[in-house]
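To start, the structure itself, in structure tokens.
4 protein chains.
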Amino acid sequence: MSGLTAGANGVYVIAVTPFSGDGSIDMKSVDRMVDFYLEAGATGLTALGMMGEAPKLTIEESQAVVRRIIARVSGRVPIVVGVSSPGFAQMHTLTKLVMDEGAAGVMIAPPSSLRTDDQIVSYFGQAAEFVGGVPWVLQDFPLATGVQISVSTISRIVADNPNCVCLKHEDWPGLDKIGALRDTEKLNRRIAILCGNGGIYLPEEMGRGADGAMTGFAYPEMMVSVVKHHSKGEMDRARDLFDAYLPLARFEQQPGLGLAVRKYVLAKRGVIAEPTLRRPGAPLSASTRQDIEVLVARQEHRLRELG
Amino acid sequence: MSGLTAGANGVYVIAVTPFSGDGSIDMKSVDRMVDFYLEAGATGLTALGMMGEAPKLTIEESQAVVRRIIARVSGRVPIVVGVSSPGFAQMHTLTKLVMDEGAAGVMIAPPSSLRTDDQIVSYFGQAAEFVGGVPWVLQDFPLATGVQISVSTISRIVADNPNCVCLKHEDWPGLDKIGALRDTEKLNRRIAILCGNGGIYLPEEMGRGADGAMTGFAYPEMMVSVVKHHSKGEMDRARDLFDAYLPLARFEQQPGLGLAVRKYVLAKRGVIAEPTLRRPGAPLSASTRQDIEVLVARQEHRLRELG
Amino acid sequence: MSGLTAGANGVYVIAVTPFSGDGSIDMKSVDRMVDFYLEAGATGLTALGMMGEAPKLTIEESQAVVRRIIARVSGRVPIVVGVSSPGFAQMHTLTKLVMDEGAAGVMIAPPSSLRTDDQIVSYFGQAAEFVGGVPWVLQDFPLATGVQISVSTISRIVADNPNCVCLKHEDWPGLDKIGALRDTEKLNRRIAILCGNGGIYLPEEMGRGADGAMTGFAYPEMMVSVVKHHSKGEMDRARDLFDAYLPLARFEQQPGLGLAVRKYVLAKRGVIAEPTLRRPGAPLSASTRQDIEVLVARQEHRLRELG
Amino acid sequence: MSGLTAGANGVYVIAVTPFSGDGSIDMKSVDRMVDFYLEAGATGLTALGMMGEAPKLTIEESQAVVRRIIARVSGRVPIVVGVSSPGFAQMHTLTKLVMDEGAAGVMIAPPSSLRTDDQIVSYFGQAAEFVGGVPWVLQDFPLATGVQISVSTISRIVADNPNCVCLKHEDWPGLDKIGALRDTEKLNRRIAILCGNGGIYLPEEMGRGADGAMTGFAYPEMMVSVVKHHSKGEMDRARDLFDAYLPLARFEQQPGLGLAVRKYVLAKRGVIAEPTLRRPGAPLSASTRQDIEVLVARQEHRLRELG
């Protein structure tokens with residue numbers, strides 16, 4: 016697989032990490048999940064993201080998961096791997112491991128201690144050195160990291176680091192930020208902008224100039240459809256489909272709970288064998304499972320109406 | 016108006032504070048807004064909440080706004096007033112002012128410095144003394160305050176303070192928390208639970224035992240409908256209506272931007288004269304206004320389909 | 016009194032607000048405290064700072080305290096007043112009140128929600144408009160505010176706002192920052208730099224180019240001595256005195272506890288009648304009082320040795 | 016070496032990790048540092064603490080450093096190893112590695128996401144399972160972690176986890192907390208309390224019932240002396256020595272800068288070959304080095320005076 020480029024677009028699904036009931040990695044489910052995502056129209060996959068329970072894996076497990084995903088994908092789409100680490104030595108080690116396995120690039124989120132623009136620019140400059148020439152994705156997710164990265168700061172990072180090829184855009188609110196980044200004066204070159212937040216702003220994000228999504232949702236076909244219809248100028252159809260999925264997408268977007276919802280639905284759909292989260296993740300309450308069942312049934316009904 | 020009680024239910028709309036283009040308070044719009052909220056079916060109003068731009072008002076202005084709202088409501092529904100302050104002396108002064116004007120109760124959010132359970136319990140115990148026998152609402156909104164209040168902590172606060180009659184529930188995720196609070200073992204007496212978050216989880220919140228909503232949305236009739244149909248057991252109808260409004264509700268729920276969206280729509284609907292926010296609030300971008308127009312048009316279309 | 020200027024220097028003592036045992040403001044102690052600070056060599060006073068329990072006062076009380084301080088000072092030194100507020104309307108009102116009373120300038124700390132450089136610059140630009148032509152002090156105290164202000168951001172604020180005449184420097188660590196700000200390339204004009212942190216880095220701060228201190232310590236004569244001896248080039252003498260006071264200064268510098276320590280010592284010295292803090296401030300434990308007594312006794316002994 | 020017990024006392028020095036100028040680990044300096052700490056009177060060592068640059072090491076490097084320290088100590092004192100990790104899998108792996116090497120116990124700090132008492136109790140309960148029967152130290156350091164752990168929460172953790180044998184006490188202010196924990200009613204059994212904060216409150220901490228220190232300072236002999244003289248009831252002598260070191264200890268205690276100061280002094284004393292920090296650590300400015308030189312010279316002078 017050649018490397019990730021600034022031309023990335025479509026839907027890079029953030030892959031979950033499937034576990035068996037005993038907490039071990041369920042490699043058969045990894046394979047099925049990869050097939051499912053690609054059949055749904057994913058143009059890329061992202062492994063070991065925050066929603067991939069990355070911090071709960073040992074480095075050996077991280078390597079094994081990435082290896083399995085890459086083997087199953089077999090070059091059909093690029094694989095991005097999250098390598099955010101408490102220190103640069105670990106980031107360097109993990110990056111080398113996964114690039115050797117065949118990843119197309121890595122993704123880096125800032126540590127929560129960063130505050131000033133200069134601190135942020137300096138951090139990514141050093142991180143870029145430690146990942147060493149590998150194409151990388153800048154993860155901009157203030158709700159999770161506590162770090163706010165202004166448009167001018169992104170501009171400096173992009174100018175300083177030729178290997179920064181993509182922004183995983185997850186600022187909230189963030190629509191005007193996409194517009195500002197697409198203003199040709201602001202960045203010295205075009206990078207890919209793939210959006211997060213579980214896809215719940217995807218129609219508007221595409222309208223502002225995003226290239227697609229890099230996020231998770233138990234129905235990735237929603238995101239694929241929105242991007243596809245947007246590219247054909249069929250915005251009403253894109254929004255009709257989006258609206259049908261939105262009640263569940265909104266429910267899945269609850270922080271701290273969303274991954275358990277996603278795994279529950281993926282298991283229900285037969286994609287993964289078990290909805291298990293590794294500890295400290297807790298199972299869903301009966302009431303929450305019931306809420307999901309109602310939402311899924313209504314969603315199926317609405318999709319049939321839409322044809 | 017008699018005081019707020021633990022029997023509060025329905026929809027307490029968080030009132031915006033209307034400003035003229037020059038930044039002064041627009042009292043005529045206050046009147047029209049009150050009429051609009053009551054015609055939409057509000058069972059109460061909440062003034063000077065976070066979304067009422069309370070910190071941007073002088074104390075004289077706060078008093079004037081509350082006086083005007085109360086005069087216009089003229090006893091038809093209870094008025095709750097946000098009195099969160101950096102110190103207890105200010106909280107005491109503001110509480111006395113608004114209760115003298117005829118408010119039914121006050122609402123208190125915790126300062127962001129609180130961390131441990133004991134600190135939170137102690138803070139509300141002292142606040143209760145300073146508001147002095149007035150019925151009060153505990154505002155539980157971790158996304159804004161940074162303070163997480165566990166079920167057992169709420170239980171201690173309720174047990175300690177007989178005048179704590181209502182929880183403004185805005186934890187996220189927070190559905191299981193409602194369920195836990197409704198578990199008869201957890202609280203020593205029943206208090207009202209009115210939910211926030213712009214109403215975007217209202218069907219599920221009602222299902223868990225909430226008594227209604229205390230939040231804002233430019234279409235308060237959505238919340239009124241959901242509560243009404245839920246009370247009649249017509250959950251499918253409640254959800255059909257909810258789903259029709261959800262694309263816009265989701266858009267309005269963007270933090271930091273949402274109030275400008277709400278005021279834009281309220282001005283568009285003729286409720287307030289101008290969408291102006293007091294500084295440092297910024298006006299909406301042209302792209303955002305266009306997004307709203309699309310969402311409103313689609314919403315109207317969908318509502319006509321639903322009949 | 017004419018206004019505060021960029022030539023401010025020496026020791027601006029952060030005044031405590033003395034309360035009687037019943038929590039009311041003790042105006043007689045205000046007078047005695049003013050006399051004490053001026054006799055100790057203060058070149059200015061700062062009222063309603065964070066350590067002045069400002070948020071615990073009503074606006075009427077704030078005005079009364081400032082009026083009393085200014086009356087007692089009677090033009091001998093300039094009075095700076097903290098006007099940090101949750102909103103600009105309140106900041107404007109308080110500023111007008113205290114300048115009418117005869118204050119020389121105001122001090123503004125950033126709200127904890129600010130993160131990016133642009134947000135910080137924009138905030139102070141707007142605040143400067145709202146205080147309206149009054150000389151003001153930029154309070155840079157990340158430990159308390161959570162806001163980190165880089166040298167380049169301070170430079171932008173100083174360039175944008177001619178009335179920003181002084182930095183209350185309280186970053187930690189912050190010595191190199193003073194040096195950077197004194198580098199003639201960094202600021203377009205010289206502003207006063209007065210340092211905080213209870214004076215526990217004062218010798219080093221003076222060495223880096225500070226103009227003095229703006230902070231509190233129950234023995235302000237320590238800070239006056241350090242500044243005086245530094246100005247004469249008697250650094251060893253300055254450090255000898257500093258070292259004698261350091262064990263107590265370090266103890267008083269404990270956050271959250273320090274003000275109670277300071278008031279305890281000021282009461283012990285006969286400066287204020289009671290060590291009372293307004294609630295939620297708690298009284299000192301017996302063990303803490305005992306620690307202070309030991310530290311004061313040893314300090315007196317050491318000072319006698321030094322002569 | 017047998018395991019760490021609740022009888023731990025004296026001075027557990029937080030070991031730095033020495034690097035060569037090229038950033039590689041300098042094992043010869045590790046040996047010299049171990050000898051130096053033991054000759055200074057350390058009763059234990061703590062490796063891979065926050066001040067040991069632990070997050071900057073790969074897991075192989077972490078293992079190598081711990082192995083070297085343990086080999087050099089050769090059973091003379093117990094070695095505690097910091098194993099705080101983003102996830103339990105990594106914590107488990109690292110714990111197993113270092114216990115196999117011969118460590119006496121591990122130290123665990125809470126992740127910054129924890130807020131409520133229940134969340135904290137639950138986290139340590141799960142962590143205790145993952146470290147699996149190994150004696151462990153609870154690190155209570157709110158300034159660095161953002162997590163505040165109340166006395167009653169510590170009490171619950173100690174009651175739930177028999178292998179929690181020691182508190183690394185670094186709350187600030189925290190003296191009354193030690194007193195509360197020593198109150199026999201509060202804990203169901205006595206655990207060791209070793210204090211942090213660079214030793215700058217050590218005399219008072221010992222007075223409240225601490226068993227010693229677990230922290231770093233370039234002159235560990237200061238802490239050893241304070242503990243020793245305190246145990247003999249020679250508090251004046253303890254304080255005389257403490258006061259002589261305090262000006263430098265205070266300087267070294269600046270967060271973010273302190274480790275560079277410590278390594279500079281350790282290199283100056285010949286303990287480690289180079290003062291190098293791994294990136295992103297920056298070298299000291301010339302002015303800071305000059306400040307240190309003045310402080311060291313004055314300290315030596317004062318110690319000679321004291322005899």
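Residue numbers (the working numbering), protein chains in the order written: chain W, 16 to 322; chain X, 16 to 322; chain Z, 16 to 322; chain C, 16 to 322. Note that the Cβ used here is the ideal one computed from N, Cα and C, for glycine as well. What you are looking at is a predicted structure, and each value in this text was computed from that prediction instead of being measured.
Assignment of beta-bridge partners to X:G227 by DSSP yields X:G25 and X:L209. For W:F34, no Cβ of chain X is located within less than 9 angstroms of the residue's own Cβ. Under the DSSP definition of a beta bridge, C:G120 partners with C:V95. Under the Cβ criterion of 9 angstroms, X:R130 is counted among the residues facing chain C.
Residue ranges of uninterrupted beta strand (DSSP E) with 3 or more members, entirely inside the segment 39 to 76 of chain Z and ordered along the chain, are 59 to 62.
Listed in chain order, the positions of the segment 116 to 148 of chain X with a beta carbon within less than 8 angstroms of a beta carbon of chain C are R130, T131, D132, D133 and Q134. By the 16-neighbour rule on beta-carbons within 10 angstroms, W:D41 is buried.
At least one C-beta of chain C is nearer than 9 angstroms to the C-beta of X:Q163. If only uninterrupted beta strand (DSSP E) runs of at least 3 residues are considered, none is enclosed by the segment 283 to 318 of chain W. At a cut-off of 9 angstroms between beta carbons, X:P157 contacts chain C. Closest by C-alpha distance to X:A57, out of X:M238, X:V136 and X:G67, is X:M238. A residue is called buried when at least 16 other Cβ atoms come within 10 angstroms of its Cβ; C:T199 does not meet this threshold and is exposed.
Membership of Z:D155 in the beta strand (DSSP E) is indicated by the continuous run W151 to D155. Taking 9 angstroms as the threshold, the shortest C-beta distance from W:Q105 to chain X does not fall below it. For X:V31, the secondary structure class from DSSP, reduced to helix, strand or coil, is coil. Listed along chain X are T131, D132 and D133, each with a C-beta nearer than 9 angstroms to that of C:S167. DSSP places Z:V180 in no alpha helix (DSSP H) but in the uninterrupted beta strand (DSSP E) bounded by C179 to H184.
For Z:L318, not one C-beta of chain C is nearer than 9 angstroms to its own C-beta. Annotation for W:A259: the continuous alpha helix (DSSP H) segment containing it runs M250 to E267. Annotated three-state conformation of Z:V162 is coil, per DSSP. In this structure, DSSP gives C:I215 a state outside helix and strand, which the three-state scheme calls coil.
Against chain W, the CB of C:I74 has a partner CB under 9 angstroms away; the residue lies at that interface. From the beta-carbon of C:D198, no residue of chain Z is found nearer than 8 angstroms; the closest lies around 12 angstroms away. Between X:G120 and X:V92, the gap from beta carbon to beta carbon reaches 9 angstroms or more.
Here W:P150 is buried. Its C-beta has 16 or more other C-beta atoms within 10 Å. Among the residues facing chain W, C:T108 is included, as its CB has a counterpart in that chain under 9 angstroms away. Between C:S167 and X:D133, the C-beta gap is smaller than 9 angstroms, which places the two residues in contact.
Going by beta carbons, X:Q105 and X:I135 fall outside the 9 angstroms limit. Contact between Z:Y52 and Z:A30 holds, since their C-beta atoms are separated by about 7 angstroms, short of 8 angstroms. Against chain X, a Cβ distance below 9 angstroms from W:I208 picks out nothing, because the smallest value is about 15 angstroms. W:A174 sits in a helix when the DSSP states are folded into three classes. Within chain X, no residue has its beta carbon less than 9 angstroms from that of W:Q78; the closest one is some 32 angstroms off. The shortest CA-to-CA distance from Z:V80 to any of Z:G102, Z:T108, Z:K43 and Z:F103 is the one to Z:K43.
Per DSSP, the continuous alpha helix (DSSP H) segment holding C:P235 begins and ends at P235 to S246.
Under the three-state reduction of DSSP, W:G148 is assigned to coil, being neither helix nor strand. Chain-ordered, the chain Z residues with CB closer than 7 angstroms to the CB of C:I215 read R265.
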